[in-house]
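Reviewing the structure listed below.
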Amino acid sequence: MGASPFVRGEAARKNRKVIVITFGGGARDQETFAPEGQENIPNLLHDLIPQSSFFTHVTNQGILGHYVATASLATGVYETLNNFSAVAPQHPTVFEYFRKDLKRPSSDAWVVAPSNGFNRIGESECRSYGRGQGARVILPKHLLSAAKPGASADYGHLLRDNYETPLYTPQISGDLELHQLEMILKLSVDDFVAHARTLSSPDELSVYIAKRLMKQDAPSLLWVTMHDIDVAHTGAYSLYVDAIRRTDRLCSEIWHAAQSDPEYAGNTTLFILPDFGRDSDFDAGGNGFQHHRTGDAASRTTWMMALGAGVRQGVLYDNPIQSVDLVPTLGAIMGFSPAQAQGKPIRELL
Amino acid sequence: MRPNNLQAKQFAGYPPQARKVVESHLAALRELPLSFVPSLLREIIDYDYKFPAERLAIDSELANVSSLSPAEIKARFRPFAEISLSLELEQSDWINHPAQFVEQQSAYLWTTHQLDAFRIAATEYGARLQVLVPPGPIPIHRLGIAVIGQGMASFDGKLFRHLREHGTYFDHVKPDDGFRLLLDAVTERAKAHSIPYAHWYIDGGEGVASSPLLTSVSYKELEPVRRTLLKLMQADIDRPGMGPEELRTHMARLTPADVGMDAKNDSVLERFRLKLFTEGSGTQIFSTTFAQWATREVLRRAQALTLLVRYAPRQRQLPMNELLSGTLDPAALDLEGSLVDADLAAYYHWINQQRLFASERSSFLAWFEGHSQAVAIAPFLPKGSKSSQAIDLGKLLALIVS
């Protein structure tokens, strides 16, 4: 006996899964989708773009620090928190809206983030949302540090929190430590460390953990923050471009992992977007690709692609959108109401 | 504290020449908005350690502002006056710590969405000043030379991708004794036009012996400074309550003596060398970044007439698997990565040179060391063209500066 299309539509929305990947930290158009940069993103260009709705003009009008910008992406509000402090976003996050409105358990929303500075990104401290209402956050590098206690001196480069202030790593404490490995990821410490030895970068570790989460917990809302590209702050252009190429490959890996997983195949929408760009070569106030300090157009303007369930394939949109439009769009797709978000739903994705 | 209350005695902590500069222009400084004055003081406070070109720029700017009536100052600086600042910023010790103020102001402007307005105000002010107070004539046209790819046996990728469209690509350069020919040529320029801090040689590696007529900086020579600085930074980080802002403030206050530099040396140059590490990002880690940043700063600050930069291989970025498995070789070099870094750095060298006065008459040469590829840019050379003429580097250089 068939249900009405409305019931089927609601059921589909309940099963809908969303993965957000931030192509971070900070990639310019000229090293990605501009003609001279396309050689760095073969997977996005030839594999994912043909399947996606692609937005060529995404503006970030907020503060161009990686944590504060990612927090802004997650709240739909241009946050003004201190980029280098381990503080919660000032507004409710997408994870809180999602869980509260749709009555989802904490296991249904996860963030995989690169550095200690991101440990508070899962939830705000807002009344009626806040503590215990957001996403669970897993910090693969922090896990690795916990798995190899006392070894941080040897792995200083690996465990470095960011490249902008390379020696500064916020100290964090939390109850989600090694037991995350065994309880959630079903992974022994030895196996985790052994696998980490086969990976060349922190983002590869993040993707390994994300795929493990997908297999074990199959969260409906999974947010993966890439950060290898932030190596640009060291001023080594070759490392910056290498990181873009790696991130391109890792995005494709996540998409294909979703397509081969029955929990995700056919009902998943993937969003990929940089948190922001980097300074133009021609702004005298900056030093080209190295930083994102000038606030010029190159550092504020970037792109976004969406693909998978409910998304038109092979369409390019040149109309300007803002990075804070992501959360209202996710709300419209998944059926929750991001009441305090400042952005607007992107109608081309609805 | 607002600028209209400024008193000469408040500048007692400034070095002698800086204090004199402030006292000469105090009346004008009192008329300027708070969002502007600390940026100017940040330059003035280091006046005693500035290059001649910087001192001239400060003197010219202050003379121009002092020549204006209060009403003219108000009109010229209105966009800055319209920037609103916090009480906390107003009450901070911006007279004695202007750099710290500027950093905090920048964070405040980001937070309050006033950064774009400030950028526009600053850009328009700078452009107008260039017109009102143009730099004086220069005795010779500027010349920049970037030597990249030291140690690379071959490279299959396309070099000088960005530079080629601005000049002529040569693919049959005779590489024999190439660096020596270039160094001799810049030394000759320095002899012919002997001006302090006008002719520079920067080396990302060990550096070769060069004429005292050239101001030189090399990564290897500064190794002890770099190591001392890294230790100081690590000690700072380990102190409770230390965050990135505090670390930057501490770094900015370091003097050459703090890192073991010889007080008997040229104090202007020693400060400059120290700042390459305390203000540069990545200069403490990678020699290619050091050479690129030093190039930018020599052009921005000293406004060099001649600048020869030789890039050397940098250390390898250690991948995670090697860090974990303990198989790493910390001394290993990344030759190809260094070439790619230096190739873009050569382009940035040219961009920074073009920002300077009389750029339309300047020349530039980038050469793949030990190989036959080079790109030459000069006002009379065709752009985006290619030459297969067999030519040695001395003759090629003579061609572009003739």
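Protein chains in written order, with our numbering: chain A, 2 to 351; chain B, 97 to 498. Here a beta-carbon is modelled for each residue, glycine too, at the ideal position from N, C-alpha and C.
Asked                                                                                                                                       : Found
Chain A contact residues for residue 389 (chain B), given Cβ-Cβ distances below 8 Å                                                         : 236, 288
Classification of residue 334 (chain A) by the beta-carbon crowding that lies within 10 angstroms, buried from 16 upward                    : buried
Close beta carbons around residue 110 (chain B), own chain, < 7 Å, minus the five adjacent residues each side                               : 118, 141
Cβ contact check for the stretch 280-287 of chain A and the stretch 237-248 of chain A: 3 or more pairs under 8 Å                           : no
Start-to-end residues for the beta strand (DSSP E) that takes in residue 243 (chain A)                                                      : Element bounds for residue 243 (chain A): not the beta strand (DSSP E) but the alpha helix (DSSP H), 238-260.
Cβ-heavy atom distance, residue 124 (chain A) to the ligand SAH, below 7 Å                                                                  : This structure lacks the ligand SAH; in fact it carries no ligand of any kind.
Residues that residue 444 (chain B) contacts on chain A, provided the C-beta gap is smaller than 9 Å                                        : 282, 288, 289
Residues within the stretch 199-213 of chain A neighbouring chain B, beta-carbon criterion of under 8 Å                                     : 199, 200, 201, 202, 203, 205, 206
Contact with chain A by residue 449 (chain B), beta-carbon distance below 8 Å                                                               : no
Identity of the residue in B:366, B:464, B:333, B:319 nearest residue 269 (chain B) by Cα                                                   : B:464
For residue 483 (chain B), the residue or residues it bridges with in DSSP                                                                  : B:266
Three-state secondary structure assigned by DSSP to residue 312 (chain A)                                                                   : coil
Opposing strand residues paired with residue 242 (chain B) [DSSP bridges]                                                                   : B:405, B:462
From B:198, B:358, B:224, residue whose alpha carbon lies closest to that of residue 161 (chain B)                                          : B:224
Rounded distance between the beta-carbons of residue 52 (chain A) and residue 308 (chain A), thought under 8 Å                              : 5 Å
4 or more residues per run - each alpha helix (DSSP H) lying fully within the stretch 353-395 of chain B                                    : 363-374, 383-393
Host beta strand (DSSP E) of residue 18 (chain A) (start-end)                                                                               : 18-23
Any C-beta of chain A under 8 Å from that of residue 415 (chain B)                                                                          : yes
Minimum Cβ-Cβ distance from residue 381 (chain B) to chain A less than 8 Å                                                                  : yes
Minimum length 3: unbroken beta strand (DSSP E) runs contained in the stretch 89-116 of chain A                                             : 110-113
The stretch 199-227 of chain B: positions lying closer than 7 Å to chain A by Cβ                                                            : 206, 207, 211, 212, 215
Residue interval of the beta strand (DSSP E) (run including residue 190 (chain B))                                                          : It is not in any beta strand (DSSP E) - residue 190 (chain B) carries neither H nor E in the DSSP assignment.
Proximal residues of chain B, C-beta to C-beta of residue 189 (chain A) below 9 Å                                                           : Neighbours of residue 189 (chain A) on chain B: none; closest Cβ ~16 Å, over 9 Å.
Chain-order list of residues whose beta-carbon lies under 8 Å from that of residue 214 (chain A) (same chain, five-residue window excluded) : 111, 113, 139, 185, 186, 220, 223
Environment of residue 97 (chain A) [buried if 16+ CB atoms lie within 10 Å]                                                                : buried
CB contact check: residue 164 (chain B) to chain A, cutoff 8 Å                                                                              : no
Beta bridge counterpart(s) of residue 488 (chain B) as assigned by DSSP                                                                     : B:270
For residue 411 (chain B), the three-state DSSP class (helix, strand or coil)                                                               : strand
Alpha carbon of residue 21 (chain A) to alpha carbon of residue 225 (chain A), nearest angstrom                                             : 6 Å
Chain B contact for residue 81 (chain A) (CB, 8 Å cutoff)                                                                                   : yes
Cβ of residue 402 (chain B) within 8 Å of any chain A Cβ                                                                                    : no
Sub-8 Å separation of residue 442 (chain B) and residue 281 (chain B) beta-carbons                                                          : no
Reduced DSSP secondary structure (H/G/I, E/B, other) of residue 275 (chain A)                                                               : coil
Simplified DSSP assignment, three categories, for residue 430 (chain B)                                                                     : strand
Residues of its chain near residue 99 (chain B), where Cβ-Cβ distance is below 8 Å and the 5 sequence neighbours each way are ignored       : 125, 126, 127, 128, 129, 130, 133
Alpha-carbon spacing of residue 198 (chain B) relative to residue 121 (chain B), whole angstroms                                            : 21 Å
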